[in-house]
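Chains as they are written, first to last, in our numbering: chain A, 1 to 284; chain B, 1001 to 1284. Just so you know, even glycine gets a beta-carbon here, dropped at the ideal spot from N, CA and C.
2 protein chains.
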Amino acid sequence: MNATLATNTPPSPTSVPAAALGSVSLVGAGPGAKDLLTLRAVEALAHADVVYYDSLVDDDVLDFVPDAAACVFVGKRKGFSAMPQQDIQDHMRNDALAGKTVVRLKGGDPFIFGRGGEELQDLHGYGFSVDVVPGVTSATAAAAVAGIPLTHRDVATSVTFATGHTTNGDVPDLTGLALSDRTFVFYMGISNAPKIASQLRHSGAPGTTPVAVIEQATLPGQRIINSTIDALEADLRTQNIGMPALLIVGEVTALGVPKSDSLIPLAPSPEPANDFAWVHHPMG
Amino acid sequence: MNATLATNTPPSPTSVPAAALGSVSLVGAGPGAKDLLTLRAVEALAHADVVYYDSLVDDDVLDFVPDAAACVFVGKRKGFSAMPQQDIQDHMRNDALAGKTVVRLKGGDPFIFGRGGEELQDLHGYGFSVDVVPGVTSATAAAAVAGIPLTHRDVATSVTFATGHTTNGDVPDLTGLALSDRTFVFYMGISNAPKIASQLRHSGAPGTTPVAVIEQATLPGQRIINSTIDALEADLRTQNIGMPALLIVGEVTALGVPKSDSLIPLAPSPEPANDFAWVHHPMG
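This is the structure:
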């Protein structure tokens, strides 16, 4: 399969039997680390003719793409958009009409702040069925590396993922959200952190509520900073936190990984008497 | 490595050099389908001496475990808990003290309604460092198979994952949560669906708000039902929805996959003139 981009004269769809149509998959690449791709995502990449990928995808992930396929960067670098959203959609559609196997590779999960919905709607509007491959969303990856349970018995019965930067550059309305037994994760919230802190206070959260900042979760530059709603703005400035980074807000952040590596194992507890688990050994 | 469960007489930790200690990983197995495991999860399973797994993990996933390892079911079947939470923690700790490589395999992500936080705290308390491997959480998997973007430009700026069944069997306080531009996903909410519907209405959501019910997402028995807050209770009864199932509430559910397979591709749009994407071809 020729892997160049679609030409200006794709075949007329009325003359194309369904079997000749290509396909489009919206694939979540996970938070960055190559081994946090799912097996299904790897399989999709291994069969791609063309991969459109964005800036939240680590370049290592593209190792799974065949040599003959084209990898097209369509994200933002240094504030510069490599390709407008409408053009991405047009390219994918035309490539699929030309019979190609198209993968749209998105950082995290395609349906959490990935604009996957817009691309899906566009492709559905043109009659394509689209496979969506879910991915590990950045919030759960950040929580894992920081040892912060996003929900926790008696501490947090819900977790909200919110954008820290809406399409008009603002913070979403947080009215009524902040209760003590709720966890919040803000994606893309670093530049708007002062506004987020202000809205959280306005919504009823104490300024002492703990906040964890996780920069470049799962990547070599990973950093974890502990702060509070009141101290957040100053801490971000002092620590010079860059993107990508997430904010986790709530009492669960106080349960995060102990900072000391010098913990000594204590005596084991007695073997539990209740031993009626179903043990399969060896595996069939 | 002998793969039987820890004996009643693990070595005293004071006599165990650090290098002889085993390790514990809390690993997310994803929503069920075997190929939605991450590469890192597969790697962890391939090196396990003992795997403690719960009922949200599809048995196929255990194919990745070596034949010599023990797989211990510790979840619930037919309302019967195979092992109390404290016993699971005691077993894991004792196995690790005995030098074993322990994997705690949890459906979805370990830190979203998986009680991973409790296990992490317990193990930290005994001085173990614990690896947490994030997984695809059931909400994003259900959204993917139903074609429902959990967030969407101008429609939903946040998504909240809430338990539909707190430790006392109730529904969490949803006060202030229901605004029209927010999406909600309820885990384990089927038995409490009437209470959830009532709380959402009380919180300000119109009874006509669309709800999608996704049963056994990514598994062979998968079903997707479209309902509304007002119709939910009757629809669940009529359709005889069982567990596991998720509720997705909000306007985004109306964007879900079109039900017809008979859509005809329309004419492609003109090739976009703006063609300054960074094309790598072939891959190095």
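Close beta carbons around residue i, own chain, < 6 Å, minus the five adjacent residues each side
i: Asp1230 of chain B; result: Gly1207
i: Ala1020 of chain B; result: Gly1099
i: Ala273 of chain A; result: Here the model assigns Ala273 of chain A a pLDDT of 42, short of 50, so the residue's position is not dependable, and the following value carries that caveat. So no residue of the chain qualifies.
i: Ala1141 of chain B; result: Pro1031, Ala1217, Thr1218
i: Asp1109 of chain B; result: Gly1028, Pro1134, Gly1135, Thr1137
i: Gly1189 of chain B; result: Gly1164, Ile1196, Leu1247
i: Asp131 of chain A; result: Ser25
i: Thr101 of chain A; result: Gly22, Ser23, His47, Ala48, Asp49
i: Asp60 of chain A; result: Lys34
i: Gln239 of chain A; result: Ile225
Range covered by the alpha helix (DSSP H) that runs through residue i
i: Pro210 of chain A; result: No alpha helix (DSSP H) contains Pro210 of chain A, which is instead part of the beta strand (DSSP E) from 210 to 215.
i: Gly1125 of chain B; result: 1116 to 1125
i: Val42 of chain A; result: 39 to 46
Chain B contact residues for residue i, given Cβ-Cβ distances below 9 Å
i: Gly212 of chain A; result: The displayed chain sequence assigns Ala, not Gly, to residue 212 of chain A. Here the premise fails: no neighbours, minimum Cβ distance about 13 Å.
i: Pro286 of chain A; result: Any answer about residue 286 of chain A is impossible in this case: the structure gives chain A only from 1 up to 284.
Same chain, Cβ closer than 8 Å to residue i, five either side skipped, listed in chain order
i: Gly1075 of chain B; result: Tyr1053, Asp1054, Ser1055, Leu1056, Val1057, Ser1081, Ala1082
i: Ile1088 of chain B; result: Tyr1052, Val1074, Arg1104, Glu1119
i: Lys195 of chain A; result: Asp170, Val171
i: Gln156 of chain A; result: Before going on, a small fix: residue 156 of chain A reads as Ala here, not Gln. These residues qualify, in order along the chain: Pro149, Leu150, Asp181, Arg182, Thr183, Gly250, Glu251, Val252.
i: Gly256 of chain A; result: Ala146, Gly147, Ile148, Ala212, Ile224, Asn226
i: Gln1222 of chain B; result: Val1145, Ile1214, Glu1215, Gln1216
N- and C-terminal bounds of the beta strand (DSSP E) containing residue i
i: Val1249 of chain B; result: 1245 to 1249
i: Thr238 of chain A; result: That residue, Thr238 of chain A, is in no beta strand (DSSP E); its alpha helix (DSSP H) goes 232 to 239.
i: Ile1224 of chain B; result: 1223 to 1228
i: Ser1025 of chain B; result: 1023 to 1028
i: Thr1101 of chain B; result: 1101 to 1106
i: Val51 of chain A; result: 50 to 53
Contacting residues, own chain, Cβ-Cβ under 7 Å from residue i (five flanking each side not counted)
i: Ala69 of chain A; result: Ala3, Ala48, Asp49, Val50, Val51
i: Ser191 of chain A; result: His165
i: Ala205 of chain A; result: Ala178, Ile229
i: Thr175 of chain A; result: Ser203
i: Gln199 of chain A; result: Val171, Leu174
i: Arg1040 of chain B; result: Val1133
i: Cys1071 of chain B; result: Val1051, Tyr1053, Leu1062, Val1065
i: Leu1263 of chain B; result: Because Leu1263 of chain B carries a pLDDT of 35, less than 50, the predicted location of this residue cannot be relied on, and the following value inherits that uncertainty. Correct list: empty, nothing qualifies.
i: Ile1112 of chain B; result: Thr1137, Phe1161
i: Gly1117 of chain B; result: Phe1111
i: Leu232 of chain A; result: Ala193, Ala197, Val211
i: Arg1077 of chain B; result: Ser1055
Residue i: contacting residues in chain B (beta-carbon distance under 8 Å)
i: Glu251 of chain A; result: Chain B residues near Glu251 of chain A: none, gap ~11 Å exceeds 8 Å.
i: Ala193 of chain A; result: Those within 8 Å of Ala193 of chain A in chain B number zero; the least Cβ separation is about 17 Å.
i: Pro172 of chain A; result: Thr1157, Ser1158, Asp1181
Chain A contact residues for residue i, given Cβ-Cβ distances below 8 Å
i: Thr1167 of chain B; result: Arg153, Asp154
i: Arg1040 of chain B; result: Ala33, Asp35, Leu36
Closer than 7 Å at the beta carbon, the chain A residues around residue i
i: Gly1107 of chain B; result: Near Gly1107 of chain B there are no residues of chain A at all, since even the closest Cβ is about 13 Å away, more than 7 Å.
i: Ala1162 of chain B; result: Thr157, Ser158
Neighbouring residues, chain A, relative to residue i (Cβ below 9 Å)
i: Thr1175 of chain B; result: Gly176, Leu179
Under 7 Å by beta carbon: chain B residues contacting residue i
i: Gly32 of chain A; result: The premise fails here: Gly32 of chain A is roughly 12 Å from chain B at the closest Cβ pair, so nothing lies under 7 Å.
i: Leu255 of chain A; result: Gly1117, Gln1121
Residue-chain proximity (residue i, chain C), Cβ-Cβ < 8 Å
i: Ala48 of chain A; result: Judged by its chain identifiers, the structure shown contains no chain C, and its protein chains are A and B.
message: Which residues of the region 1126 to 1154 of chain B have a Cβ closer than 8 Å to any Cβ of chain A? Give them in chain order.
response: Tyr1126, Gly1127, Phe1128, Ser1129, Val1130, Val1132, Val1133, Pro1134, Gly1135, Val1136, Thr1137, Thr1140, Ala1141, Ala1143, Ala1144, Val1145, Gly1147, Ile1148, Pro1149, Leu1150, Thr1151, His1152, Arg1153, Asp1154
Complete beta strand (DSSP E) runs within the region 1128 to 1200 of chain B (minimum length 3 residues, chain order): 1130 to 1133, 1158 to 1163, 1182 to 1187
- request: Give, in chain order, every residue of the region 1110 to 1121 of chain B whose Cβ lies closer than 9 Å to some Cβ of chain A.
  value: Pro1110, Phe1111, Ile1112, Phe1113, Gly1114, Arg1115, Gly1116, Gly1117, Glu1118, Leu1120, Gln1121
- request: At 3 residues or longer, and completely inside the region 64 to 90 of chain A: list those beta strand (DSSP E) runs for me, N to C.
  value: 70 to 73
field: Within 7 Å of chain A by C-beta, residues of the region 1214 to 1242 of chain B in sequence order
entry: none
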